[in-house]
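In my numbering, the protein residues as written are 38 to 250.
Glycine is no exception: its CB is placed at the ideal position from the N, C-alpha and C atoms.
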Amino acid sequence: KLPLEVAPEIVVLNYSDTAQLIEAARDCEYAVHLVGILKEGTRSRYSEAHQASSRSLAVAADAAGMRRTVYLSILGTDPHSDNPCLASKGDAEQILLRAKTPTLILRVAMVLGPGDTTSRIVRREALARILPLGGGGKIRAQPSDADDVIDAIVAGTVDNPTSADLDNLTLDLAGPVSLPQREFIERAAALYGKKPKVVSVPLWVLRGVSGLA
Numbered sequence: 038k039l040p041l042e043v044a045p046e047i048v049v050l051n052y053s054d055t056a057q058l059i060e061a062a063r064d065c066e067y068a069v070h071l072v073g074i075l076k077e078g079t080r081s082r083y084s085e086a087h088q089a090s091s092r093s094l095a096v097a098a099d100a101a102g103m104r105r106t107v108y109l110s111i112l113g114t115d116p117h118s119d120n121p122c123l124a125s126k127g128d129a130e131q132i133l134l135r136a137k138t139p140t141l142i143l144r145v146a147m148v149l150g151p152g153d154t155t156s157r158i159v160r161r162e163a164l165a166r167i168l169p170l171g172g173g174g175k176i177r178a179q180p181s182d183a184d185d186v187i188d189a190i191v192a193g194t195v196d197n198p199t200s201a202d203l204d205n206l207t208l209d210l211a212g213p214v215s216l217p218q219r220e221f222i223e224r225a226a227a228l229y230g231k232k233p234k235v236v237s238v239p240l241w242v243l244r245g246v247s248g249l250a
């Protein structure tokens, strides 16, 4: 927590409203762009959460003469991807990179932190008696600690002699250990004294169920 004397001013606004963002960005040196969604809903679309928000922020950052924007993106993003989410995030990255304000892009995959959604899912799987995993859980994971991701973001908002090396740079962030999904869940289960029975499910079945959902 920040000391009271340096507590940030909180402004609630529509992140796609360029005029409001320009006003809020006055006198700011850095912007940390965390807006994003993994799945579209009736009230949230990729184009609004990713491209529109990035377009407005790029204009606001340029207008305010900011030093840099730090954008938290997803590993595997590509404007030409067949995955709508990855394609949308890829477009958002390009919007920020074309701005006058330099951008540092941090691409992450699985991030784990106390009480977050991913950690709750891992805990539920670890405590399950029977656990269906696509391909038997052979897909590898390389999770990052949320504190390490935060440190990377903060490093992008600090001036130092090598700070310019971060301008318009894209970095892929991953944890120090790569292991199969099955082993990852089994390690988590061991912390609770559990050992779920893993049932292998063909990946095409999971893709079909996901598509229907």
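Helix, strand or coil at Gly171 according to DSSP, with G and I counted as helix: strand
Counted within 10 angstroms of its Cβ, other Cβ atoms place Cys122 as buried (16 or more) or exposed: buried
Residue closest to Glu46, alpha-carbon to alpha-carbon, out of Ala62, Tyr52, Ser53 and Ala56: Ala62
Option nearest Leu143 by Cα separation, candidates Gly173, Pro151 and Lys126: Lys126
Beta carbon of Val159 nearer than 8 Å to that of Ile222: yes
Inter-residue spacing [alpha-carbon to alpha-carbon] between Ser110 and Ala97: Ser110 and Ala97 have their C-alpha atoms roughly 19 Å apart.
Rounded Cβ spacing between Arg219 and Gly173 (contact assumed at less than 8 Å): 6 Å
Pairwise C-alpha distance: Pro233 and Ser91: 42 Å
Residues near Leu75 by beta carbon distance below 7 Å, same chain, minus five either side: Cys122
Three CB pairs or more closer than 8 Å across the region 224 to 239 and the region 188 to 197: no
Where Val107 falls, given that 16 or more other Cβ within 10 Å makes a residue buried: buried
Distance, Ser181 Cα to Pro213 Cα: 8 Å
Where the beta strand (DSSP E) containing Arg144 begins and where it ends: Thr140 to Val145
Buried/exposed call for Arg105, threshold 16 Cβ in 10 Å: buried
Residues that DSSP places opposite Leu217 in a beta bridge: Residue identity differs from the one stated: residue 217 is Pro in this sequence, not Leu. Beta-bridge pairing links Pro217 to Arg177.
Own chain residues within Cβ distance below 8 Å of Leu58, not counting five before or after: Leu50, Tyr52, Ser93, Leu94, Val96 and Ala97
First and last residue of the uninterrupted alpha helix (DSSP H) at Thr155: Thr154 to Leu164
Bounding residues of the alpha helix (DSSP H) (the contiguous stretch that carries Arg92): Membership of Arg92 in the alpha helix (DSSP H) is indicated by the continuous run Ser90 to Ala101.
Selection from Glu85, Leu71 and Thr138 that minimises the alpha carbon distance to Ala100: Thr138
Residue from Pro116, Val236 and Ala68 with nearest C-alpha to Tyr83: Residue nearest to Tyr83 within the set Pro116, Val236 and Ala68 is Pro116 (criterion: CA-CA distance).
Option nearest Val69 by Cα separation, candidates Ser156, Val145 and Leu141: Leu141
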